[in-house]
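J.:
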Amino acid sequence: MTLDTTVSVDQEENPLESAAHRFEEAAAKLGLDDGVRKVLGTAAMELTVNFPVVLDDGRIEVFTGYRVQHSIARGPAKGGVRFAPDVSLDEVRALAAWMTWKCAVVNIPFGGGKGGVICNPQILSDGELERITRRYTAEILEFIGPERDVPAPDMGTNEQTMAWIMDTYSMHKRHTVTAVVTGKPLDLGGSRGRSEATGRGCLIVTNQALARFGMRPESTRVVIQGFGNVGGMAARLMAKAGYKVISIIEYDTAVYNSDGLDIETLAAYRTQTGSIAGFPLAQEVDRHEALFLDCEVLLPAAKENVITSANASRVKARILCEGANGPTTFGADSILQDKGVFVIPDILANAGGVTVSYFEWVQDRQGYFWNEKLVNDRLEEIMVDSFNDVTGYAAKHAVNNRTAAYMLALDRVAFAIKLRGLYA
Ligand code: NAD
């Protein structure tokens with residue numbers, strides 16, 4: 022792989038290109054040993070499985086699934102399972118590498134993994150989804166486990182999916198193994214605070230950025246894209262902490278109130294109507310333009326490739342907190358840097374989720390469950406330490422926060438590899 026700086030927006034939007042570009046940049050700046058660079062530039066294990074499932078109408082369909090373990094140098098692979106029609110091996114590879122870097126940034130003892138099944142959960146019944154999940158689990162069974170590889174929910178999967186994976190794995194092992202997956206229901210070994218963790222992590226790192234610039238939540242306007250698990254929770258917690266959340270952007274529209282939206286009422290309205298459209302306590306604005314509203318904090322928490330080289334110059338926010346994975350393409354990085362936008366990169370900003378997943382795994386293995394305050398206090402400690410590690414590294418090496426996060430992560434994983442002598 023070489024570092025090519027002449028790229029098209031299409032290339033920018035390919036997750037594997039994006040992951041490779043940032044990896045190469047950080048590796049070059051670190052002067053990473055060529056052997057270690059080869060180890061970290063390649064996934065350690067890639068599994069493709071084609072498996073049959075009987076659909077509700079009696080037909081047999083063959084589904085394709087993947088599980089990729091990018092690195093297990095620092096501990097078991099950790100990463101979600103995605104159910105979507107456009108899942109590809111390239112995408113799963115990129116996401117697995119991202120997990121390695123994310124776990125290293127927050128310094129938890131996991132490597133990186135990811136999985137996926139090509140299917141459309143929106144048109145499948147619960148029974149079909151259960152059969153797909155169980156058969157996929159049976160196919161990858163030998164490669165997962167509390168000490169090997171610990172899946173979690175991702176797009177198209179949820180705590181019910183994790184309960185099915187846990188049950189299938191346990192049936193084969195002939196005893197209950199809760200620690201094989203995280204993101205489980207609370208009654209099956211899930212952790213308190215897990216569903217809020219990613220949004221809470223975004224709030225914690227944004228608070229740190231504000232403190233750095235002498236800003237106060239009451240005079241900080243926030244625009245959030247995505248009102249789901251991450252964005253919805255971040256909006257709730259930020260509003261509670263005094264921030265003015267002036268706009269929420271969804272896939273169908275965006276709502277705006279210059280005095281700050283009433284987030285609890287908006288959430289109740291969305292639950293009732295299925296959309297934020299027509300919310301009476303706000304004005305509807307163009308959802309594409311809302312990203313470029315005057316604000317102090319922009320928090321994309323929906324999808325990848327939202328800020329690209331084609332629109333980065335229009336971002337007005339002082340702070341970009343990346344709740345989603347990959348919302349900014351590598352082509353946009355230098356534009357944001359030149360504008361002086363303080364970027365809290367995804368592998369730090371949204372790492373609250375995997376951090377509490379780690380807590381879940383620890384609690385399952387201990388068989389002793391923590392109260393919510395303990396979970397939140399420990400999450401806060403890890404997010405604050407990680408924020409300081411990344412910004413300290415950026416200052417020391419005169420690089421931006423994203424490059425610093427990658428350099429810090431690569432450095433930690435490379436150090437583990439050297440200590441272990443994996444490549445000797
Ligand atoms: P989610 O499905 O709960 O929420 C996503 C929200 O975004 C939904 O409300 C959806 O309607 C909205 N949306 C979809 N397309 C949109 C568009 N084009 N414009 C505006 N809004 C749009 O998903 P989530 O769990 O909140 O995940 C969001 C992002 O955060 C993803 O990139 C995910 O990989 C990342 N992430 C999630 C977690 C987690 O713990 N859930 C952890 C780390 C990273």
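Be aware that the sequence shown starts at 22, since it is given in the working numbering, and climbs by one per residue. All C-beta atoms, glycine included, are put in the ideal place defined by N, C-alpha and C. Keep in mind the model is a prediction, meaning the values are calculated, not measured.
#1: Short check: CB of G133 to CB of Q90, under 9 angstroms?
#2: Measuring alpha carbon to alpha carbon, tell me which residue in S407, I245 and D107 is nearest V318.
#3: Below 9 angstroms between beta carbons: does that hold for G13 and Q384?
#4: Going along the chain, which residues of its own chain have a beta-carbon closer than 8 angstroms to the beta-carbon of K205, five neighbours each way excluded?
#5: How far does the beta strand (DSSP E) with Y427 in it reach, from first residue to last?
#6: Take L37 and list the residues in its own chain whose beta-carbon comes closer than 8 angstroms to its own, dropping the five residues that flank it on each side.
#7: What are the boundary residues of the alpha helix (DSSP H) that includes K123?
#8: By DSSP's criteria, I368 is part of a beta bridge. Which residues make up the other side?
#9: Using 8 angstroms as the threshold, is the segment 425-435 in touch with the segment 408-417, meaning 3 or more CB pairs across them?
#10: What would DSSP say about T274, mapped onto helix, strand or coil?
#11: Does the separation of the CB atoms of D208 and I93 fall below 9 angstroms?
#12: Heavy atom of the ligand NAD less than 8 angstroms from the Cβ of M176, yes or no?
#13: Just curious, the alpha helix (DSSP H) that Q401 is in, first and last residue?
#14: Can you give, in chain order, each stretch of the alpha helix (DSSP H) that sits fully within the segment 235-288 and has at least 4 residues?
#15: Could you check the C-alpha separation between N397 and N409 for me, to the nearest Å?
#16: Taking 8 angstroms as the cut-off, does the segment 92-108 touch the segment 70-79 (at least 3 CB pairs, one atom from each stretch)?
#17: Excluding the 5 residues preceding and the 5 following F313 in the sequence, name in chain order all residues of the same chain whose CB lies nearer than 7 angstroms to its CB.
#18: Measure the C-alpha to C-alpha separation of V138 and E149 and round it to an integer number of angstroms.
#19: May I ask you to report which of helix, strand or coil DSSP gives E168?
#20: For the alpha helix (DSSP H) that contains H193, what are its first and last residues?
#21: Secondary structure at H309, three-state DSSP: helix, strand or coil?
#22: Can you grab the Cα-Cα spacing for the pair A125 / P301, in whole Å?
#23: Going by C-alpha distance, which of V306, E401 and K123 is nearest S268?
#24: Within a Cβ cutoff of 6 angstroms, which residues of the same chain sit near T178, ignoring the five residues on either side of it in sequence?
#25: How about R88 and F131: are their beta carbons less than 9 angstroms apart?
#26: Can you give the Cα-Cα distance for P167 and G252, rounded to whole angstroms?
#27: Which one of S330, D432, G442 and K439 has the shortest CA to CA distance from T121?
#28: The alpha helix (DSSP H) with A353 in it runs from where to where?
#29: Taking the alpha-carbon positions, what's the T329 to T350 distance?
#30: If you draw a straight line from the alpha carbon of I270 to that of G249, how long is it in whole angstroms?
#31: Applying the criterion that 16 or more other CB atoms from any shown protein chain within 10 Å of the CB defines a buried residue, is S39 buried or exposed?
#32: Which same chain residues end up closer than 6 angstroms to T85 when comparing Cβ atoms and leaving out the 5 residues on each side of it in sequence?
#33: According to DSSP, which residues form a beta bridge with V138?
#34: If we call anything under 9 angstroms between Cβ atoms a contact, is I129 one with I297?
#35: With a floor of 3 residues, list each beta strand (DSSP E) that falls wholly inside the segment 319-344, ordered by position along the chain.
#36: Quick check on D273: buried or exposed, where buried means 16 or more other Cβ atoms within 10 Å of its Cβ?
T.: To lay it out plainly:
#1: Locating residue 133 in the sequence shown gives position 112, counting from the first residue. Locating residue 90 in the sequence shown gives position 69, counting from the first residue. At a Cβ-Cβ threshold of 9 angstroms, G133 and Q90 count as neighbours.
#2: Mapped onto the sequence shown, residue 318 falls at position 297. For the residues S407, I245 and D107, the minimum Cα distance to V318 belongs to I245.
#3: The displayed coordinates of the chain run from 22 to 445. Any statement about residue 13 would go beyond what the structure contains.
#4: For this step, residue 205 is matched to residue 184 along the sequence shown. Once the five neighbours on either side are set aside, the close Cβ partners of K205 are E180, M183, A184, M187, T199, G211 and E381.
#5: Along the sequence shown, read from residue 1 onward, the residue named residue 427 stands at position 406. No beta strand (DSSP E) contains Y427, which is instead part of the alpha helix (DSSP H) from N422 to R441.
#6: Position 16 of the sequence shown, counted from the first residue, corresponds to residue 37. Answer for L37: D111, E112, R114 and A115, listed in chain order.
#7: As a first step, residue 123 must be located in the sequence shown, where it is residue number 102. The continuous alpha helix (DSSP H) containing K123 extends over residues L110 to V126.
#8: Numbered from its first residue, the sequence shown carries residue 368 at position 347. Partner(s): none; I368 has no beta bridge.
#9: With a cut-off of 8 angstroms, the segment 408-417 and the segment 425-435 count as touching, because enough Cβ pairs lie within range.
#10: Numbered from 1 along the sequence shown, position 253 holds the residue referred to as residue 274. Here T274 sits in coil by DSSP.
#11: Taking the sequence shown and counting its residues from 1, the one referred to as residue 208 is at position 187. Taking the sequence shown and counting its residues from 1, the one referred to as residue 93 is at position 72. With respect to the 9 angstroms criterion, D208 and I93 are not classified as neighbours on the basis of their beta carbons.
#12: In the sequence shown, counting from the first residue as 1, residue 176 sits at position 155. The answer is yes for M176.
#13: Here the question's residue 401 lines up with position 380 in the sequence shown. Position check: residue 401 holds Glu in this sequence, whereas Gln was assumed. Per DSSP, E401 belongs to the alpha helix (DSSP H) from E393 to H418.
#14: If we require 4 residues or more, the alpha helix (DSSP H) runs fully inside the segment 235-288 come out as 250-261.
#15: Taking the first residue of the sequence shown as 1, we reach residue 397 at position 376. Taking the first residue of the sequence shown as 1, we reach residue 409 at position 388. Near 18 angstroms, if we compare the C-alpha coordinates of N409 and N397.
#16: Too few Cβ pairs lie closer than 8 angstroms, so no.
#17: Counting from one through the sequence shown, the residue named residue 313 turns up at place 292. Take F313, set aside five residues on each side of it, and the residues of its chain with a beta-carbon closer than 7 angstroms to its own are R335, V336 and K337, in chain order.
#18: For the purposes of this step, residue 138 is taken as the residue at position 117 of the sequence shown. For the purposes of this step, residue 149 is taken as the residue at position 128 of the sequence shown. Put simply, the backbone Cα of V138 is about 13 angstroms away from that of E149.
#19: In the sequence shown, counting from the first residue as 1, residue 168 sits at position 147. In the three-state scheme derived from DSSP, where H, G and I count as helix and E and B as strand, E168 is classed as coil.
#20: If you number the sequence shown from 1, residue 193 lands on position 172. It spans E180 to K194 - the alpha helix (DSSP H) in which H193 sits, taken as one unbroken run.
#21: Within the sequence shown, residue 309 is the residue found at index 288, counting from 1. The DSSP-derived three-state label of H309 is coil.
#22: Working through the sequence shown from its first residue, we reach residue 125 at position 104. Working through the sequence shown from its first residue, we reach residue 301 at position 280. Whole-angstrom Cα-Cα distance: 44 angstroms.
#23: Position 247 of the sequence shown, counting from 1, holds the residue named residue 268. For S268, the nearest C-alpha among the options comes from V306.
#24: Residue 178 sits at position 157 when you count from the first residue of the sequence shown. When the five nearest sequence neighbours on each side are left out, the beta carbons in the same chain lying within less than 6 angstroms of the beta carbon of T178 are those of V102 and F104, in order along the chain.
#25: In the sequence shown, residue 88 corresponds to position 67, counting from 1. In the sequence shown, residue 131 corresponds to position 110, counting from 1. No, the Cβ-Cβ distance between R88 and F131 is not below 9 angstroms.
#26: Within the sequence shown, the letter at position 146 stands for residue 167. Within the sequence shown, the letter at position 231 stands for residue 252. Their backbone Cα atoms lie some 30 angstroms apart in a straight line.
#27: In the sequence shown, residue 121 corresponds to position 100, counting from 1. Among S330, D432, G442 and K439, the Cα nearest to that of T121 belongs to D432.
#28: The sequence position of residue 353 within the sequence shown is 332, counting from 1. Start and end: F351 to K360.
#29: By one-based count along the sequence shown, residue 329 stands at place 308. By one-based count along the sequence shown, residue 350 stands at place 329. Roughly 5 angstroms separates the two Cα atoms.
#30: Position 249 of the sequence shown, counting from 1, holds the residue named residue 270. Position 228 of the sequence shown, counting from 1, holds the residue named residue 249. For I270 and G249, the distance between alpha carbons rounds to 11 angstroms.
#31: Indexing the sequence shown from 1 puts residue 39 at position 18. It counts as buried.
#32: Sequence index remark: in the sequence shown, residue 85 carries index 64 (1-based). These residues qualify, in order along the chain: N71 and I139.
#33: Against the sequence shown, residue 138 aligns to sequence position 117. DSSP output for V138 lists G86 and F104 as bridge partner(s).
#34: Residue mapping note: residue 129 aligns to position 108 of the sequence shown, counting from 1. Residue mapping note: residue 297 aligns to position 276 of the sequence shown, counting from 1. With respect to I297, I129 sits apart: the two C-beta atoms are not nearer than 9 angstroms.
#35: For the segment 319-344, whole beta strand (DSSP E) runs of length 3 or above, ordered along the chain, are 340-342.
#36: Against the sequence shown, residue 273 aligns to sequence position 252. Around the beta carbon of D273, fewer than 16 other beta carbons lie within 10 angstroms, which makes this residue exposed.
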